[in-house]
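Reading through the structure tokens given below for one structure.
2 protein chains.
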Amino acid sequence: MSKSVPTLEDVAREAGVSRATVSRVINGVRNVDPGIQDLVRQAVERTGYTPNQAARSLVTRRAQTIALVVSGAGDERDGGQGDFTARVFADPFFGRVVTGVVGFLRPRSMHPVLMFADSDDARRQVVDYLRQGSADGALVVSTHAEDPLPAQLAAGRLPAVCFARPAVAAPISYVDLAHRDGGLLAARHLLARGCRRPATVSGPLDLPAGQERLAGFRDGMERGGVPYVPIAEGGFTLDSGVAAMERLLAEHPDIDSVFAANDLMAQGVCRVLRDRGRRVPEDVAVVGFDDSSAALACRPPLTTVRQPVEAMAAAMAELLHEFVLGERTEPTSRIFDPELVVRESA
Amino acid sequence: MSKSVPTLEDVAREAGVSRATVSRVINGVRNVDPGIQDLVRQAVERTGYTPNQAARSLVTRRAQTIALVVSGAGDERDGGQGDFTARVFADPFFGRVVTGVVGFLRPRSMHPVLMFADSDDARRQVVDYLRQGSADGALVVSTHAEDPLPAQLAAGRLPAVCFARPAVAAPISYVDLAHRDGGLLAARHLLARGCRRPATVSGPLDLPAGQERLAGFRDGMERGGVPYVPIAEGGFTLDSGVAAMERLLAEHPDIDSVFAANDLMAQGVCRVLRDRGRRVPEDVAVVGFDDSSAALACRPPLTTVRQPVEAMAAAMAELLHEFVLGERTEPTSRIFDPELVVRESA
DNA sequence: CTGAAAGCGCTAACAT
DNA sequence: ATGTTAGCGCTTTCAG
Chain V
1 MSKSVPTLED VAREAGVSRA TVSRVINGVR NVDPGIQDLV RQAVERTGYT
51 PNQAARSLVT RRAQTIALVV SGAGDERDGG QGDFTARVFA DPFFGRVVTG
101 VVGFLRPRSM HPVLMFADSD DARRQVVDYL RQGSADGALV VSTHAEDPLP
151 AQLAAGRLPA VCFARPAVAA PISYVDLAHR DGGLLAARHL LARGCRRPAT
201 VSGPLDLPAG QERLAGFRDG MERGGVPYVP IAEGGFTLDS GVAAMERLLA
251 EHPDIDSVFA ANDLMAQGVC RVLRDRGRRV PEDVAVVGFD DSSAALACRP
301 PLTTVRQPVE AMAAAMAELL HEFVLGERTE PTSRIFDPEL VVRESA
Chain L
1 MSKSVPTLED VAREAGVSRA TVSRVINGVR NVDPGIQDLV RQAVERTGYT
51 PNQAARSLVT RRAQTIALVV SGAGDERDGG QGDFTARVFA DPFFGRVVTG
101 VVGFLRPRSM HPVLMFADSD DARRQVVDYL RQGSADGALV VSTHAEDPLP
151 AQLAAGRLPA VCFARPAVAA PISYVDLAHR DGGLLAARHL LARGCRRPAT
201 VSGPLDLPAG QERLAGFRDG MERGGVPYVP IAEGGFTLDS GVAAMERLLA
251 EHPDIDSVFA ANDLMAQGVC RVLRDRGRRV PEDVAVVGFD DSSAALACRP
301 PLTTVRQPVE AMAAAMAELL HEFVLGERTE PTSRIFDPEL VVRESA
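Those protein sequences? They're chains V and L, same order as listed. Residues 1 to 346 (UniProt numbering) are what the first sequence spells out, left to right. Residues 1 to 346 (UniProt numbering) are what the second sequence spells out, left to right.
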């Protein structure tokens, strides 16, 4: 058999210097004679050396890896797992988070480990993973309101940053959107269009995002002279949007506009409208939220409130990185502004 | 400050035994007195000990991590990155792969690191990652035909398993579907329905999956007495399905059925048909491929050829695991059978 | 500017 | 059945 993977020792011998010097060259530490640097680099080339990350981590106490965890509140056992994963990926939102996170991580040669925390057991795994030092910190995206993970992470003093303020209060960092302002934007646009009989398909009302988007919309309508807005609660999925819209239409057949708290539900809304023979936007104008891929996939393309998910995700990674480096210690929040994107649905 | 994380040493002292014994208990090695086991477990509890993975990996030479890499052929620089990630997540297929992989990994407390290999540089990162021992092996899903990664992995003798046979030949393991049989299934179903003027929106013809699904379909039609099938090549995306269908309809306005090589394109096909006032399936029957979430999201719900992606992904992880454990050494292939799922579109 | 040496925390022979 | 001991490959004082 050929000799196994080369170590620092091998490179040092090959270059005729000490291990320490090779280490310095590899890690780009200053104070190394340029001539020797070349020597070492050639030796590295010849031996095909690659530093062993475990050995490195053991002394630096850094894994160069962060956990990207999608967390639910449930306590489902195995059975639910597949569904949970599937649901997460069905939402175009998650892909954007990954895009943003990877964009920040990659140039720093760090990598995300994907974890799903949809049961007590899975959550324990996440915490253990961090305590083991397998990952330097966690980026968490919660899908449910009562998710206990953020609090657990905070209690364990583990570096972590959440996407959106956790419903369960905890001293933890997060990035979030000014959801309320987003709702306001939607209301103003509909008002400007002349709509006076709006309705809304809200997000889950136990989620801050659900509440605030609704509050902002109502507030905007109220200020615009429309005191009452029929509401049907949805669950941020296409199906829930369909169901909510059917309820709304049954009780309020004369509405002239709908604000859906995310694009997936807006898509459901459009589908129902179409099936009922109502034209969008002529008969009923529809405004979504997120500006996800669903907004463009929808017929007609959705006018929607853009949430800069990629930028938010990158900021989340950046914050975490600062914690890991010890440059930051206090829990921090970073709030982004929404923006109206006008297309054809309203 | 409180003393930092407890080590084996601390637990050993606390329990009044040697490090070795504690290690044995923790790793469930036999030959340890039950009484002492309890003692140790209590000490672990009291100290809140968690094994350090880096130290462990250093000696076991196992990271308990595998790389889940999505690989393209491109050589795009930074700019393309975001798009690539977004495109990957937009396809419901990838979520199913993750579900299957995680399902296998989780019970073994192993975790997937997400990597995107859409440039030479990124591919180098993947190879280095494995050589560093940060991951024990790679699971690769290629999105393009000329993806050089599988060959690179094989050349480096790195443990790896691909989803689908790589277009670039290499001595590497993979799981795949009997695509040809899938095409046959679609043809037979359409034939049984009485369709005699079929057309097909194929996948990219430089991809084995694209070629074989098409070949199977044509073969089936031929055997059923239909010698000619108009074809338009697509790219497995919704938009490409729309474009392909428009071309098809322009040149062959009298077709009575369409076989699309995946559900996303079938969705596009249905959309075009609907816009042109053709009823599905009354005027034109449509059969998709994959049975992804897009099949159910489509109106009408798609009759499609099911690809057991989750099971295939789990098999991929299992194969890799066997390589990592050294239980398997020769490149291996595992082929799954497709299955027709009849819904409303055909 | 470079080398020698001391660990990082753990597992696995080898003793006992 | 348990303890002793030697590393795994690397970074990092500390001398020189």
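Even for Gly, the Cβ is constructed at its ideal location relative to N, Cα and C. On a predicted model such as this, the values are computed, not experimentally measured, just so you know.
Please go through the same chain and pick out, in chain order, the residues whose beta-carbon is closer than 7 Å to the beta-carbon of residue 350 of chain L, but skip the five residues on each side of it. With chain L running from 1 to 346 in the structure shown, residue 350 of chain L is simply not present.
If we ignore side chains and look at the alpha-carbon of each, how far apart do residue 120 of chain V and residue 72 of chain V end up? If you number the first sequence from 1, residue 120 of chain V lands on position 120. If you number the first sequence from 1, residue 72 of chain V lands on position 72. Going by the C-alpha atoms only, they are around 10 Å apart.
Can residue 289 of chain V and residue 305 of chain V be called in contact, C-beta distance under 8 Å? In the first sequence, the residue the question calls residue 289 of chain V occupies position 289. In the first sequence, the residue the question calls residue 305 of chain V occupies position 305. Against a cut-off of 8 Å, the Cβ pair of residue 305 of chain V and residue 289 of chain V comes out as a contact.
What alpha helix (DSSP H) runs, 4 residues minimum, are completely inside the UniProt domain "HTH cro/C1-type" (7 to 33) of chain V? 8 to 15 and 19 to 26
Chain L partners of residue 349 of chain V, CB-CB under 8 Å? Because chain V spans 1 through 346 in this model, residue 349 of chain V falls outside it and cannot be assessed.
C-alpha gap between residue 155 of chain V and residue 69 of chain V, whole angstroms: Translated into the one-based positions of the first sequence, residue 155 of chain V becomes position 155. Translated into the one-based positions of the first sequence, residue 69 of chain V becomes position 69. If I take the Cα positions, the gap works out to 17 Å.
Top-ranked residue by Cα proximity to residue 52 of chain L, from L/8, L/147, L/91 and L/30: The sequence position of residue 52 of chain L within the second sequence is 52, counting from 1. Minimum Cα distance to residue 52 of chain L is reached at L/8.
Which listed residue (L/318, L/137, L/54 and L/124) has its alpha carbon closest to that of residue 148 of chain L: Numbered from its first residue, the second sequence carries residue 148 of chain L at position 148. It is L/124 whose Cα lies nearest to the Cα of residue 148 of chain L.
Does chain V have any CB closer than 8 Å to the CB of residue 131 of chain L? Counted from its first residue, the second sequence places residue 131 of chain L at position 131. So yes, residue 131 of chain L belongs to the interface.
Expected contact under 8 Å - CB spacing of residue 164 of chain V and residue 112 of chain V to nearest Å: Counting from one through the first sequence, the residue named residue 164 of chain V turns up at place 164. Counting from one through the first sequence, the residue named residue 112 of chain V turns up at place 112. Taking C-beta atoms under 8 Å as the contact rule, residue 164 of chain V and residue 112 of chain V fail to qualify, at a distance of about 18 Å.
In the segment 83 to 96 of chain V, which residues sit with their C-beta less than 8 Å from some C-beta in chain L, listed in chain order? If the cut-off is 8 Å between Cβ atoms, the segment 83 to 96 of chain V has 85, 86, 88, 89, 90, 92, 94, 95 and 96 near chain L.
Which residues in chain V have a C-beta closer than 8 Å to the C-beta of residue 297 of chain L? List them in chain order. One-based indexing of the second sequence puts residue 297 of chain L at position 297. Chain V residues near residue 297 of chain L: 238.
Just confirm the distance between the C-beta atoms of residue 256 of chain V and residue 196 of chain V, as a whole number of angstroms; I'd bet it's less than 8 Å. Sequence index remark: in the first sequence, residue 256 of chain V carries index 256 (1-based). Sequence index remark: in the first sequence, residue 196 of chain V carries index 196 (1-based). Between residue 196 of chain V and residue 256 of chain V the Cβ distance is about 7 Å, and since that is below 8 Å, they are a contact.
When you compare the CB positions of residue 100 of chain L and residue 312 of chain L, do they come within less than 8 Å of one another, or not? The residue you call residue 100 of chain L lines up with position 100 of the second sequence. The residue you call residue 312 of chain L lines up with position 312 of the second sequence. In this structure, residue 312 of chain L lies closer than 8 Å to residue 100 of chain L by Cβ.
Can we say the segment 296 to 305 of chain V touches the segment 327 to 346 of chain V, given the rule of at least three CB pairs closer than 8 Å? They touch, by the three-pair rule.
Assuming residue 126 of chain L and residue 115 of chain L are in contact, meaning their beta carbons sit under 8 Å apart, how far apart are those beta carbons, in whole angstroms? Taking the second sequence and counting its residues from 1, one reaches residue 126 of chain L at position 126. Taking the second sequence and counting its residues from 1, one reaches residue 115 of chain L at position 115. So it is a contact: roughly 5 Å between Cβ atoms.
Nearest by alpha-carbon distance to residue 243 of chain V: which of V/266, V/38, V/315 and V/177 is it? One-based indexing of the first sequence puts residue 243 of chain V at position 243. Selection V/266, V/38, V/315 and V/177 evaluated against residue 243 of chain V yields V/266 as nearest (Cα-Cα).
Using the DSSP secondary-structure output, state which residues sit across from residue 112 of chain L in a beta bridge. Within the second sequence, numbered from 1, the residue matching residue 112 of chain L stands at position 112. Residue 112 of chain L is bridged to L/66.
Within this structure, are the beta carbons of residue 15 of chain V and residue 22 of chain V separated by less than 8 Å? To locate residue 15 of chain V, count along the first sequence from 1; it is residue 15. To locate residue 22 of chain V, count along the first sequence from 1; it is residue 22. Cβ distance < 8 Å, so residue 15 of chain V and residue 22 of chain V count as in contact.
Is DSSP giving residue 257 of chain L helix, strand or coil here? Taking the second sequence and counting its residues from 1, the one referred to as residue 257 of chain L is at position 257. Residue 257 of chain L: strand per DSSP, three-state reduction.
According to DSSP, is residue 202 of chain V part of a helix, a strand, or is it coil? Position 202 of the first sequence, counting from 1, holds the residue named residue 202 of chain V. It is a strand residue.
Contacting residues, own chain, Cβ-Cβ under 7 Å from residue 241 of chain L (five flanking each side not counted): As a working note, residue 241 of chain L is residue 241 in the second sequence. The residues are 201, 234, 260, 264, 265, 266, 267, 268 and 269.
In chain order, each alpha helix (DSSP H) run of at least 4 residues that lies wholly inside the segment 206 to 238 of chain L: Secondary structure in the segment 206 to 238 of chain L: the alpha helix (DSSP H) runs of 4 residues or longer, each lying completely within the stretch, are 208 to 223 in chain order.
Count the other C-beta atoms from every protein chain shown that fall within 10 angstroms of the C-beta of residue 87 of chain L, then say buried if there are 16 or more, exposed otherwise. As a position in the second sequence, residue 87 of chain L is number 87, starting the count at 1. Result: buried.
Assumed close pair residue 334 of chain L, residue 317 of chain L - CB separation to whole angstroms, cut-off 8 Å: In the second sequence, the residue the question calls residue 334 of chain L occupies position 334. In the second sequence, the residue the question calls residue 317 of chain L occupies position 317. That belief does not hold up - the Cβ atoms of residue 334 of chain L and residue 317 of chain L are roughly 12 Å apart, past 8 Å.
Residues bridged to residue 174 of chain V (per DSSP): Taking the first sequence and counting its residues from 1, one reaches residue 174 of chain V at position 174. Answer by DSSP bridge pairing, in chain order: V/162 and V/333.
Opening and closing residue of the alpha helix (DSSP H) in which residue 293 of chain V lies: Your numbering for residue 293 of chain V matches position 293 in the first sequence. 293 to 297 is the extent of the alpha helix (DSSP H) around residue 293 of chain V.
Rounded straight-line distance, which links the Cα of residue 153 of chain L to that of residue 129 of chain L: What you label residue 129 of chain L is simply residue 129 of the second sequence in a count that begins at 1. What you label residue 153 of chain L is simply residue 153 of the second sequence in a count that begins at 1. Roughly 11 Å between the two C-alpha positions.
Which residues, in order along the segment 226 to 259 of chain L, keep a beta-carbon less than 8 Å from a beta-carbon of chain V? Under the 8 Å Cβ criterion, the segment 226 to 259 of chain L contributes 238.
What is the residue span of the beta strand (DSSP E) that residue 288 of chain V lies within? Working through the first sequence from its first residue, we reach residue 288 of chain V at position 288. It spans 285 to 290 - the beta strand (DSSP E) in which residue 288 of chain V sits, taken as one unbroken run.
For residue 30 of chain V, does the count of other Cβ atoms within 10 angstroms reach 16, so buried, or fall short, so exposed? Taking the first sequence and counting its residues from 1, the one referred to as residue 30 of chain V is at position 30. Exposed.
Going by alpha carbons, who is nearest to residue 309 of chain V out of V/84, V/321, V/293 and V/320? Start at 1 with the first residue of the first sequence, and residue 309 of chain V comes out as number 309. Proximity to residue 309 of chain V across V/84, V/321, V/293 and V/320 peaks at V/293, based on C-alpha coordinates.
Measure the Cβ-Cβ separation of residue 161 of chain L and residue 58 of chain L and say whether it is below 8 Å. Within the second sequence, numbered from 1, the residue matching residue 161 of chain L stands at position 161. Within the second sequence, numbered from 1, the residue matching residue 58 of chain L stands at position 58. For residue 161 of chain L and residue 58 of chain L, no; Cβs fall outside 8 Å.
If the criterion is Cβ atoms closer than 8 Å, does the pair residue 199 of chain V and residue 248 of chain V meet it? Within the first sequence, residue 199 of chain V is the residue found at index 199, counting from 1. Within the first sequence, residue 248 of chain V is the residue found at index 248, counting from 1. With a cutoff of 8 Å on beta-carbon distance, residue 199 of chain V and residue 248 of chain V are scored as near each other.
Members of the segment 317 to 330 of chain L that neighbour chain V once the beta carbon cut-off is set at 8 Å: none
What's the gap between the Cα of residue 219 of chain L and the Cα of residue 85 of chain V? Within the second sequence, residue 219 of chain L is the residue found at index 219, counting from 1. Within the first sequence, residue 85 of chain V is the residue found at index 85, counting from 1. Going from the Cα of residue 219 of chain L to the Cα of residue 85 of chain V covers about 37 Å.
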